[in-house]
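Numbering (my numbering), first residue to last: 41 to 144.
Where a beta carbon is used, it is the ideal one built from N, C-alpha and C, also for glycine.
To keep things clear, I will list the structure first and then write my remarks on it.
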Amino acid sequence: MPDRTKQPGSTHIGRIIEGLLQKYRRESDQDLLQIWHLWDEVVGAPIARNAKPAAYKGKLLLVHVTNSVWIHQLQFLKNDIVHQLNAAAGQTLVEEIKFKIGAV
């Protein structure tokens, strides 16, 4: 198994990609990146394993979920998730969430 310890002077690929996104993507993409960073903590591990932010436009967040059972359950939690995401972000990023079956 390869040694995955951090090499001196190396940078994690996630930081490189984040920097590129901030430089070349629209502001809404940066907001989606912020939502991605907050998602797991805000929704908790069980939901995070079954639902992930997929797209963001305006104040609408599209979330992919693993199956229709999760769509049904998350409909009941939607308002709480919106409130908690915005509170964690310190600003109103999301006003509406749509759930769709997709790759998680």
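How about Gly-142 and His-112: do their beta carbons lie closer than 8 Å?
-> no
Reduced DSSP category for Gln-100 - H, G, I as helix; E, B as strand; rest coil | Here residue 100 turns out to be Leu, not Gln, going by the sequence shown. Three-state DSSP puts Leu-100 in a strand.
Can you tell me which of the three DSSP states Ala-143 falls into?
-> Residue state, collapsed to three classes: coil.
Measuring CB to CB, does Asp-71 end up less than 8 Å from Tyr-96?
-> yes
Opposite Ile-53 in the DSSP bridges: which residues?
-> Per DSSP, none; premise fails for Ile-53.
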